[in-house]
Structure formats: C-alpha cells, structure tokens
Amino acid sequence: AQSVTQLGSHVSVSEGALVLLRCNYSSSVPPYLFWYVQYPNQGLQLLLKYTSAATLVKGINGFEAEFKKSETSFHLTKPSAHMSDAAEYFCAVSDNDYKLSFGAGTTVTVRA
Amino acid sequence: DAGITQSPRHKVTETGTPVTLRCHQTENHRYMYWYRQDPGHGLRLIHYSYGVKDTDKGEVSDGYSVSRSKTEDFLLTLESATSSQTSVYFCAIRVGGADVETQYFGPGTRLLVL
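Chains G and V supply the protein sequences, listed in that same order.
Note that the working numbering has the first sequence beginning at 59, numbered continuously upward.
Note that the working numbering has the second sequence beginning at 46, numbered continuously upward.
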C-alpha cells in the first residue's frame with residue numbers, strides 16, 4: 059500500500075522568497091503523484107501531477123515539482139512567493155488502483 | 046469546474062440521528078469517491094464507486110454506507126451519527142484514462158455532530 063509523508067505541517071515564507079514543500083512517498087510500483095491546493099473554506103484544486111512523462115512537472119500559478127525516484131520524493135517549489143499562495147497544500151499518491159492516499163498537508167503563510 | 050455539487054454544504058445534527066450527504070456530477074464519470082478531511086490527517090477515503098451499484102470500502106469506512114443508483118449521484122449515509130464523524134466531507138470524481146487519471150473535488154460539506 060502506498061503512503062505519503064509531508065515534512066513540516068506549517069511553512070512561513072516572505073513574499074518573493076522561494077517556496078519549498080517536501081513530499082516523500084512509498085509505493086511498490088511506479089506511482090502517479092499529485093499536488094493539490096486548498097484555499098480557506100474551499101475544495102481541493104489540482105496544482106500538478108506526475109504521470110511518468112517527465113520528471114519535472116510544471117503546474118498552475120508558477121508551481122513545479124520534480125519526481126526523484128532514487129529519493130522517493132516529489133517536492134513542490136515556487137521561485138517567488140505571492141500573498142495569494144497562502145493556502146494548505148496536499149501531496150497525494152496513487153498506484154493506479156484508482157484510489158488516492160494523501161499526506162497530512164502543509165499550511166503556507168506568506169509574510170509581507 | 047468539474048461539474049460536481051455537494052448538498053447540503055453545511056449540516057448540524059445530533060448524535061444518533063441518520064444523515065445523508067449527496068454528491069452530484071454532470072459529466073457521467075464512472076468513478077466517484079467520498080473522503081473526509083480532519084486536521085493532521087489530510088483526506089482519507091471512506092468509500093468509492095466504480096459504477097452504478099458498484100461500491101467498495103476505503104480506509105475509514107466504519108459507520109458509513111454509500112449508494113449509487115444512477116451514474117450522476119453518489120450518496121453517503123451516516124446511519125447513526127457520532128461526534129467522531131464531525132468533519133468536512135469531500136466528494137471526488139475520476140477523470141481521464143489510465144495514463145492521466147486525476148481526481149477532481151467538490152466544494153465539500155461541513156458536518157457538525159453534537
């Protein structure tokens with residue numbers, strides 16, 4: 059069974075600084091990997107997904123993530139944080155058994 | 046917008062009462078899911094459906110049942126609500142083929158069990 063670990067439940071960054079959210083997964087087969095974002099009182103919105111086509115995946119709002127099989131990681135980055143990036147971010151993994159396993163989430167706050 | 050609606054959006058109920066949450070989709074997707082979201086746990090799968098009258102349990106299915114009598118609707122029932130079922134419930138649909146399967150989520154239902 060697959061599982062996901064997100065390191066750091068809260069991350070605080072200054073506006074304009076790098077955003078780095080860490081995600082490690084365990085899976086017995088090559089996985090599908092996803093990052094979702096949740097703004098306050100809203101549902102989850104897909105940021106990006108890895109489906110084996112390319113190890114560096116670009117998503118919406120300037121985010122990207124790199125799949126590193128040797129490290130079993132799929133960290134999310136954005137070069138320059140904006141106030142609108144304040145939200146909760148979830149990493150998720152699927153073994154293509156049509157079910158997702160989610161990490162516990164990382165809340166990002168952006169300081170002016 | 047993946048064409049998913051959930052009703053009600055907010056519900057307050059008392060311990061021991063039955064509660065049914067509805068998920069409706071407009072695009073005839075085969076797979077539908079129910080998750081609950083709790084602080085520190087992310088989202089956890091309750092039940093999912095892979096077709097009309099075809100359902101299976103997820104990670105946290107105890108105390109929940111589901112039904113799917115038509116493609117567009119997936120119902121989640123708490124037979125006798127408990128305070129531990131206070132949570133935010135999300136419905137999702139699976140879109141795409143085997144290489145691009147992606148789940149899209151509804152707006153959520155906030156349930157408070159007193």
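In this text, a Cβ means the ideal position worked out from N, Cα and C, and glycines have one as well.
Apart from sequence neighbours up to five positions away, the residues of its chain that approach V/Asp99 with a beta-carbon distance below 8 angstroms are Arg113, ordered along the chain. For V/Gln148, the closest alpha carbon among the candidates G/Ser142, G/Asp143, G/Trp93, G/Leu76 is that of G/Trp93. Bounds of the beta strand (DSSP E) holding G/Leu114 are 114-116. For V/Gly96, no Cβ of chain G is located within less than 7 angstroms of the residue's own Cβ. For G/Ser110, the closest alpha carbon among the candidates G/Gln103, G/Met141, G/Leu78, G/Asp153 is that of G/Asp153. Between G/Gly163 and V/Gly87, the CB-CB gap stays under 7 angstroms.
The residue from V/Val64, V/Val105, V/Glu124, V/Met77 with its alpha-carbon nearest to that of V/Asp118 is V/Met77. Below the 8 angstroms Cβ cutoff, chain G contributes Gln100, Gly101 as neighbours of V/Pro152, in chain order.
Relative to G/Phe125, the option among G/His68, G/Cys149, G/Ala170, G/Tyr97 whose CA is nearest is G/Cys149. Ranking V/Gln130, V/Pro84, V/Asp101 by CA distance to the CA of V/His92 puts V/Asp101 first. Remark: C-beta atoms of V/Gly108 and V/Phe135 do not approach each other more closely than 7 angstroms.
Residue environment analysis places V/Val97 among the exposed positions, since fewer than 16 neighbouring C-beta atoms fall within 10 angstroms of its C-beta.
Boundaries of the beta strand (DSSP E) around G/Lys126: 122-126. Within its own chain, the residues whose Cβ lies closer than 6 angstroms to the Cβ of G/Leu79, once the five positions on either side in sequence are excluded, are Leu134, Tyr147, Thr164, listed in chain order. Counting only runs of 3 or more residues that sit fully inside the region 60-84 of chain V, the beta strand (DSSP E) segments are 64-70, 77-83, in chain order. Under the Cβ distance rule, V/Tyr76 counts among the residues neighbouring chain G, one pair being separated by less than 7 angstroms. Between the region 112-131 of chain G and the region 46-64 of chain V there are fewer than three C-beta pairs closer than 8 angstroms, too few to call the two in contact. V/Glu124 sits in coil when the DSSP states are folded into three classes, being neither helix nor strand. Comparing alpha-carbon positions, the option among G/Gly66, G/Leu65, G/Asn119 lying closest to G/Val95 turns out to be G/Asn119.
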